[in-house]
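Chemist: In our numbering, the protein residues as written are 1 to 164.
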Amino acid sequence: MPRLEDTYHWALIVGPKKESENSHGKRFHAKESLGLVGSPPTVHPVWQYEELDIGMAPTSMLLVRVVVGRVKSMSRLRSAFESVPVRGHVENWNCVEWVKEALLCAIQDGGALGASVKHWEPVRDAAMWYVKAKTTAHRFDGTGHYDLAKVPTWDMLDGVELVP
Numbered sequence: 001m002p003r004l005e006d007t008y009h010w011a012l013i014v015g016p017k018k019e020s021e022n023s024h025g026k027r028f029h030a031k032e033s034l035g036l037v038g039s040p041p042t043v044h045p046v047w048q049y050e051e052l053d054i055g056m057a058p059t060s061m062l063l064v065r066v067v068v069g070r071v072k073s074m075s076r077l078r079s080a081f082e083s084v085p086v087r088g089h090v091e092n093w094n095c096v097e098w099v100k101e102a103l104l105c106a107i108q109d110g111g112a113l114g115a116s117v118k119h120w121e122p123v124r125d126a127a128m129w130y131v132k133a134k135t136t137a138h139r140f141d142g143t144g145h146y147d148l149a150k151v152p153t154w155d156m157l158d159g160v161e162l163v164p
């Protein structure tokens with residue numbers, strides 16, 4: 001991808017407005033794994049949609065979070081995400097494309113989200129800018145002074161950093 005967004009794995013995470021040490025949420029994403037395909041079966045990459053209950057604590061795979069909307073109806077949001085097809089058969093399709101389509105589907109639903117961004121490009125640009133800013137500030141290499149029990153979080157709706 002020209003802006004290098006496919007350098008990272010992208011997902012949509014829904015979590016509580018106020019987090020605590022034991023907070024839980026949901027991760028929605030398209031993920032690639034190896035599976036047996038065909039006859040005779042051979043190992044090939046296979047894309048699949050996944051909704052997963054997760055803790056909100058940092059993991060080695062989660063670099064940053066960017067707040068892009070507030071959930072109005074979880075059932076409508078889930079329906080919007082589930083309606084987005086996994087397009088593993090399309091050349092160069094990936095998790096970034098799924099997140100883009102899923103976010104736009106949720107926005108267009110009209111009842112899934114309350115306040116939210118309205119377009120994909122600002123989300124992509126903010127996420128890439130924020131990862132770069134955190135990398136430059138040594139957030140991930142252990143040489144900076146940060147609370148590693150929290151995920152760096154940028155709120156696009158209010159234009160503020162919630163967690164450095």
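Don't be surprised by glycine CBs; every beta carbon is placed ideally from N, CA and C.
Remember, predicted model here, so these are calculated numbers, not experimental data.
1) Is the segment 6–21 touching the segment 93–102, taking contact as three or more C-beta pairs under 8 Å?
2) Return the chain-ordered ranges of every alpha helix (DSSP H) run that is complete within the segment 81–161 and spans a minimum of 4 residues.
3) Which same chain residues, not among the five before or five after Ala-112, have their C-beta less than 8 Å away from its C-beta?
4) When you compare only the Cα positions, how much space is there between Val-163 and Ser-39?
5) Can you tell which of Ser-83, Val-67 and Thr-135 has the C-alpha that lies nearest to the C-alpha of Lys-17?
6) With DSSP as the reference, identify every bridge partner of Gly-69, one or two as the case may be.
Modeler: Answer, in terms of the structure:
1) The segment 6–21 and the segment 93–102 touch, with no fewer than 3 CB-CB distances between them shorter than 8 Å.
2) If one requires a minimum length of 4 residues, the alpha helix (DSSP H) runs lying completely within the segment 81–161 are 95–109 and 120–136, in chain order.
3) These residues qualify, in order along the chain: Val-71, Lys-72, Ser-73, Arg-76, Leu-77, Ser-79, Ala-80 and Ala-106.
4) Across the structure, Val-163 and Ser-39 are spaced so that their CA atoms are roughly 50 Å apart.
5) Taking Lys-17 as reference, the option from Ser-83, Val-67 and Thr-135 with the minimal CA-CA separation is Val-67.
6) Note: Gly-69 sits in a beta bridge opposite Ser-116.
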